[in-house]
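Undergrad: Before anything else, here's the structure in question.
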Amino acid sequence: MKILATDLDRTLLPNGNWEGDSEAISMFNDLTQKHDVLVVYVTGRNLALTESAISKFGVRYPDILCGDVGTSIRKYENGEWTFDNGWIEHVKRESPRWDAIAIKDAVAVIEGIREQESEHQNQFKQSYYVDHERKNQVLKNVDELVKGKFDEVIVYSFDSQDGKGLLDFLPASATKQTALEYVAEELGSTKKDVVFCGDSGNDIFPLTAGFCGVLVRNADNQLVENVIKAMDENPNLKVYFAKGDFMGLKGYYTSGVIEGAYHYGVFDDAMDG
Ligand SMILES: [Mg+2]
């Protein structure tokens, strides 16, 4: 089975500063259908924000949604979402010390962070806005108070669109990477059968976890550097850097996803289209 997994914002969705190709989204929709590809969205968005992206940008529905940075998994079939309770049980088993309330209490004293709105929190996701200028101090305090105590991972990312620092506490077993690993296993596929496309921050984990990675051309410099470093340390990693000038596409966002999918043979008819 061919599995194409992709981040949404500024990877599949053209909502950054670069100019996307106007035809790319309909090409993506057509190509994934034509080649019978199983499509997975792996995103920080919750279900409501994913649905609003689908209607705003006209991208197709995925077959599977790893939402809320991997802390929720849903299948989409016959026009209906089904929540994966098996994933919840799996995470509880794998990260027994996870405790969102205790983390919330622990970080309450830290200055320079503000809890995100309730729709961005769930039982496996405790999230904050961070004053980006104070990032170093904040992360130092966070490490002192939280690190290693709750089977957690601490993920910092910077939203270049609105200048916000974002801080997520997640169970170590419920990230974009582990959610995608779980999905692949449930489908009976190996990591080598899965292409994952990303552009920034927390995409580093699935990009360096043994999937076939793709960086869209507009990927953050910091992510590019981190991926190159990881590839130096692990020569088995496969990551493709979209460069554009491919089928008349420029390589940004959706176009980079298409380019990467062709690179790995997920779409395999570049010549006859
Ligand atoms: Mg993104």
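Going by this note's numbering, the first residue of the sequence shown is number 63, and it counts up by one from there.
All C-beta atoms in this analysis are idealised placements derived from N, C-alpha and C, irrespective of residue type, glycine included.
None of the values given here were measured: they were computed from a predicted structure.
With a threshold of 6 Å on Cβ separation, who are the neighbours of Asp167 within its own chain once the five nearest residues in sequence on each side are excluded?
TA: Residue 167 sits at position 105 when you count from the first residue of the sequence shown. Nothing listed; no residue qualifies.
Undergrad: Provide the residue span of the beta strand (DSSP E) that contains Phe303, from first to last.
TA: Taking the sequence shown and counting its residues from 1, one reaches residue 303 at position 241. For Phe303, the uninterrupted beta strand (DSSP E) run begins and ends at 300–303, by DSSP.
Undergrad: Any idea which residues DSSP pairs Ile216 with across the strands?
TA: Counted from its first residue, the sequence shown places residue 216 at position 154. DSSP output for Ile216 lists Phe231 as bridge partner(s).
Undergrad: Just checking, does the stretch 230–241 make contact with the stretch 261–281 on the three C-beta pairs under 8 Å criterion?
TA: yes
Undergrad: Go through its chain and collect everything with a Cβ distance to Gly174's Cβ below 6 Å, but skip five positions before and after it.
TA: As a working note, residue 174 is residue 112 in the sequence shown. Cβ within range, chain order: Asp193, Arg196, Val200.
Undergrad: Would Val217 pass as a contact of Asp205 if the rule is Cβ separation under 7 Å?
TA: As a working note, residue 217 is residue 155 in the sequence shown. As a working note, residue 205 is residue 143 in the sequence shown. Not a contact, by the Cβ cut-off of 7 Å.
Undergrad: Just the C-alpha distance for Trp149 and Arg136, rounded to the nearest angstrom, thanks.
TA: For this step, residue 149 is matched to residue 87 along the sequence shown. For this step, residue 136 is matched to residue 74 along the sequence shown. Taking the Cα positions, Trp149 is about 9 Å away from Arg136.
Undergrad: Which of the three DSSP states, helix, strand or coil, is assigned to Leu109?
TA: Taking the first residue of the sequence shown as position 1, residue 109 is located at position 47. Helix.
Undergrad: Less than 6 Å separating the Cβ of Asp255 from some heavy atom of ligand 1?
TA: The residue you call residue 255 lines up with position 193 of the sequence shown. It does not: the Cβ of Asp255 is nowhere closer than 6 Å to a heavy atom of ligand 1.
Undergrad: Could you check the C-alpha separation between Ala304 and Val171 for me, to the nearest Å?
TA: What you label residue 304 is simply residue 242 of the sequence shown in a count that begins at 1. What you label residue 171 is simply residue 109 of the sequence shown in a count that begins at 1. Distance between the alpha carbons of Ala304 and Val171 is about 43 Å.
Undergrad: Any idea if Asp334 is buried or exposed, counting beta-carbon neighbours within 10 angstroms, 16 or more meaning buried?
TA: Here residue 334 refers to the residue found at position 272 when the sequence shown is read from its first residue. With a pLDDT of 46 at Asp334, under the threshold of 50, the modelled position of this residue cannot be trusted; read the value that follows with caution. Per the 10 Å Cβ criterion, exposed.
Undergrad: Please write down, chain order preserved, every residue whose beta carbon lies under 6 Å from a heavy atom of ligand 1.
TA: A distance filter of 6 Å between CB atoms and the heavy atoms of ligand 1 selects the following residues in sequence order: Asp69, Asp71, Arg72, Thr73, Asp261, Ser262.
Undergrad: Tell me which residue opens and which closes the alpha helix (DSSP H) that Val153 is part of.
TA: Taking the sequence shown and counting its residues from 1, the one referred to as residue 153 is at position 91. Per DSSP, Val153 belongs to the alpha helix (DSSP H) from 147–156.
Undergrad: By DSSP, does Leu269 sit in helix, in strand, or in coil?
TA: Mapped onto the sequence shown, residue 269 falls at position 207. Helix at Leu269.
Undergrad: Please go through the stretch 159–184 and give each complete alpha helix (DSSP H) segment of 4 or more residues, from N-terminal end onward.
TA: 162–169
Undergrad: What are the residues that DSSP puts in a beta bridge with Arg136?
TA: Translated into the one-based positions of the sequence shown, residue 136 becomes position 74. DSSP links Arg136 through a beta bridge to Leu127, Phe145.
Undergrad: Considering only their Cβ atoms, is the gap separating Asp265 from Asp69 smaller than 7 Å?
TA: Within the sequence shown, the letter at position 7 stands for residue 69. Within the sequence shown, the letter at position 203 stands for residue 265. In this structure, Asp265 lies closer than 7 Å to Asp69 by Cβ.
Undergrad: Using beta-carbon positions only, say whether Tyr326 and Cys274 come within less than 7 Å of one another.
TA: Taking the first residue of the sequence shown as 1, we reach residue 326 at position 264. Taking the first residue of the sequence shown as 1, we reach residue 274 at position 212. Yes; because the gap between Cβ atoms is below 7 Å, this pair is in contact.
Undergrad: Between which two residues does the alpha helix (DSSP H) holding Tyr244 run?
TA: Your numbering for residue 244 matches position 182 in the sequence shown. Its alpha helix (DSSP H) spans residues 238–248.
Undergrad: What did DSSP end up calling Gly318 once you bin it into helix, strand or coil?
TA: Sequence index remark: in the sequence shown, residue 318 carries index 256 (1-based). For Gly318, the three-state secondary structure derived from DSSP is helix.
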